[in-house]
Amino acid sequence: MNTTTELTRNEDVQNAKKERLDKIDYKMVTFSLAGKDYGIDIMRVKEIAKAGKFTYVPNAAPFVRGVYNLRGDIISIIDMRILFHLPAERKVENALEDLIILRVEERIFGVVVDSIDKVVGVASEAIQPPHPIFTDINVKYISGVVENASRLYIILDVERIFAQKQEEKKEIVHEAESSTPIQAPPPQESGEDDRGDVNIGFIRETLFTFRRFSVSPINKGWFERRYQEWKKLKKDGDLQLKDFEDADEYLSGFYSPYTGAFWSSEYAAAVTGAMPNEAAKNYNVWNPGCGKGFETYSIACALRKKYPESRIKIWANDSDLLNISNAPNMTFEIDDVPEDFREFLVKGKSGYSFSQVIRDMVMFEYHDVLNANPMPDVDLVVCRDLLSFLAPTEQSRVLGDIGEKLKENGFLMVGGNEEIPVSEEWEQLRADPVVLFRKKA
Amino acid sequence: MRVEYINPFVEAAFNVLKEVLVNSDVRRGELYLKSASTPVLGVAAIVGLAGDVEGRVLFDMNRDTALAVASVMNGEQLATLDDLAKATITELANMITAQAVTKLHDLGFQFDLTPPAIFTGDNMEVSDQDVEALIVPMETPQGKIEINVAIRERA
Chain A
3 MNTTTELTRN
13 EDVQNAKKER
23 LDKIDYKMVT
33 FSLAGKDYGI
43 DIMRVKEIAK
53 AGKFTYVPNA
63 APFVRGVYNL
73 RGDIISIIDM
83 RILFHLPAER
93 KVENALEDLI
103 ILRVEERIFG
113 VVVDSIDKVV
123 GVASEAIQPP
133 HPIFTDINVK
143 YISGVVENAS
153 RLYIILDVER
163 IFAQKQEEKK
173 EIVHEAESST
183 PIQAPPPQES
193 GEDDRGDVNI
203 GFIRETLFTF
213 RRFSVSPINK
223 GWFERRYQEW
233 KKLKKDGDLQ
243 LKDFEDADEY
253 LSGFYSPYTG
263 AFWSSEYAAA
273 VTGAMPNEAA
283 KNYNVWNPGC
293 GKGFETYSIA
303 CALRKKYPES
313 RIKIWANDSD
323 LLNISNAPNM
333 TFEIDDVPED
343 FREFLVKGKS
353 GYSFSQVIRD
363 MVMFEYHDVL
373 NANPMPDVDL
383 VVCRDLLSFL
393 APTEQSRVLG
403 DIGEKLKENG
413 FLMVGGNEEI
423 PVSEEWEQLR
433 ADPVVLFRKK
443 A
Chain B
10 MRVEYINPFV
20 EAAFNVLKEV
30 LVNSDVRRGE
40 LYLKSASTPV
50 LGVAAIVGLA
60 GDVEGRVLFD
70 MNRDTALAVA
80 SVMNGEQLAT
90 LDDLAKATIT
100 ELANMITAQA
110 VTKLHDLGFQ
120 FDLTPPAIFT
130 GDNMEVSDQD
140 VEALIVPMET
150 PQGKIEINVA
160 IRERA
């Protein structure tokens, strides 16, 4: 008795399911990209076309193929495969491409795909929410997944993709350009983990958008530790970073000790303790990203004490004019200065400042490290929490510049949560809590 | 560029322009840094610097602006960018740079000036490798004058 009722119930369920599937109320144009099937809501599709000979637009993003004259209307042509970093088959020059012409928010776009298939009708109820492992395309651009005639179609959310704000577009451009040496982590190496945990990719993107923090081997260790912490902190809640506050919260533990303040005596001792006791007659230091100058003055005092005989010169620069413009004439309260440095202070009208001895050592420059760095060769580079806030290509360039400027056996100090990938050129020194590297001879 | 050098140039540019353009509405735009090659708007006056530092100051404006500024400075409407107009712009460059250098001298920096030179033409570009320039954009009723200061410490 029991079994029969169960059977009928099963049958009922199946019938209901069948009925539901039969009700076709969603049509989509299907096409393929890199061998996978995709669909776009037919209501967004104006027409399909075959076209070639797009007019190249200089300086456009890599995924913009150019513009095309569609019966008198000039439309921009976007290559979906480049946009999503999928392998694009090379066609002969000027061969015709399959185009889907889309209408999004009154604007018309042409989208290049591998090949257009047909129009498929499905029941909208049968569309399931996207699952991260289905696809190479970022989940936020997918509105759902549906099966039809034993083929699985990924439905793209074209509104999301093309109606995005300028900022987001930049982010995609950045992604598309990011295949440079220092940007090792994304797809290949750590692909496995990231695929399973798609949130980490979002966080990586949003950190760059909000705070220009780019994850690279320089800070990957911290980023992944922080991500585990973050997951625990947010439990099952929303892991993603929605605004500046979220991004700042995520980065809160990243900054080095004594950012925007004088170094404590212990910290300064840890830095100088790792260095040799003898120094050259002329000792040069480069301090890019010096901000308001607290860091620079700390270095100046610590080195003055360590090497009283040397002629020390510090090139300190920052690209934030507001921050650096007060650095040469900084005044402060005596309590803000660690005891070890107080011997270098003089009292002026508006508070304490550093004596001429220290000020003569330091040269503050309004300067962007991405431009040519004209200082002579240096013995020490203090570059805390700067590299992480440059785009990956810029990181490798600046690191290259540092390597070039640094003398053999010179020291490089990076942020408390940064590291230089181990290489022929750099060796790490144990100097907790300071992160120091030596350039090998 | 050394922080101490910035203000003297900004102030000198502002004061001198305000003076020669007879109290008209002169405004300073946002300062920024630019690297290497600089397209020139059409008229460029250049003053070289030497001494503790090496570098140059470039005053960049388009022909219309140059002509309008020269007209105001001469107190008569000039029709073409002739020798008189060019000499006037050169003098303007000299005045601003000299005043900046005087201010810097008071701060203890020793600079020397070279005599100014003026370049005019279309599609000109100034390239000096390895120097980044500070751009001080000045808005005047006669048009925009960009002051492009590239100074490097003598190593």
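So the sequences go chain by chain: A and B. Position 96 (the first sequence) corresponds to 98 in our numbering; numbering is contiguous. Position 121 (the second sequence) corresponds to 130 in our numbering; numbering is contiguous. The C-beta atom is built at its ideal place from N, Cα and C for all residues, glycine as well.
For residue 17 of chain B, does the count of other Cβ atoms within 10 angstroms reach 16, so buried, or fall short, so exposed?
buried
Buried or exposed, going by whether 16 or more other CB atoms sit within 10 Å of the CB of residue 11 of chain B?
buried
Please decide whether residue 44 of chain B counts as near chain A, where near means a Cβ-Cβ distance under 7 Å.
yes
Excluding five sequence neighbours on each side, which residues of the same chain lie with their C-beta closer than 6 Å to the C-beta of residue 29 of chain B?
82
The ligand PLP and residue 143 of chain A: does the residue's C-beta get closer than 6 Å to at least one heavy atom of that ligand?
Ligands are entirely absent from the displayed structure, and the ligand PLP is therefore not among its contents.
Alpha helix (DSSP H) runs contained entirely in the region 38-91 of chain A, provided each spans 4 or more residues:
82-85
Using 7 Å as the limit for Cβ to Cβ distance, is residue 305 of chain A near chain B?
Not closer than 7 Å to any Cβ of chain B, the Cβ of residue 305 of chain A fails to qualify, so no.
Does any residue of chain B bring its CB to less than 7 Å from the CB of residue 363 of chain A?
no
Please compile the residues from chain A whose C-beta is within a distance smaller than 8 Å of the C-beta of residue 12 of chain B.
326, 327, 329, 330, 366, 367, 368
Taking the beta carbon of residue 26 of chain B as the centre, do at least 16 other beta carbons fall within 10 Å, making it buried, or is it exposed?
buried
Quick one, which of A:73, A:99, A:69, A:55 has its alpha-carbon nearest residue 2 of chain A's?
The first residue shown for chain A is 3 and the last is 443, placing residue 2 of chain A beyond what the model contains.
Going by DSSP, name the residue or residues bridged to residue 11 of chain B.
DSSP output for residue 11 of chain B lists A:367 as bridge partner(s).
Since residue 230 of chain A is in the alpha helix (DSSP H), which residue starts that stretch and which ends it?
222-236
Just how far apart, CA to CA, sit residue 14 of chain B and residue 54 of chain A?
Distance between the alpha carbons of residue 14 of chain B and residue 54 of chain A: 55 Å.
Considering only the beta carbon of each residue, do residue 276 of chain A and residue 438 of chain A sit closer than 7 Å?
Closer than 7 Å, so yes.
Residues near residue 141 of chain B by beta carbon distance below 8 Å, same chain, minus five either side:
10, 42, 43, 44, 45, 159
So, does the CB of residue 388 of chain A fall closer than 7 Å to a CB anywhere in chain B?
no
Those residues which DSSP pairs with residue 143 of chain B across a bridge
Bridge partners of residue 143 of chain B according to DSSP: B:42, B:158.
Less than 7 Å separating the beta-carbons of residue 302 of chain A and residue 360 of chain A?
yes
Is DSSP giving residue 72 of chain B helix, strand or coil here?
helix
Check each residue of the region 139-154 of chain B: if its Cβ is closer than 8 Å to any Cβ of chain A, include it; give the result in chain order.
Per Cβ criterion, the list reads 139, 140, 141, 143.
Counting only Cβ pairs nearer than 8 Å, list the residues of chain B close to residue 321 of chain A.
42
Could you check the C-alpha separation between residue 162 of chain A and residue 224 of chain A for me, to the nearest Å?
31 Å
Is DSSP giving residue 322 of chain A helix, strand or coil here?
coil
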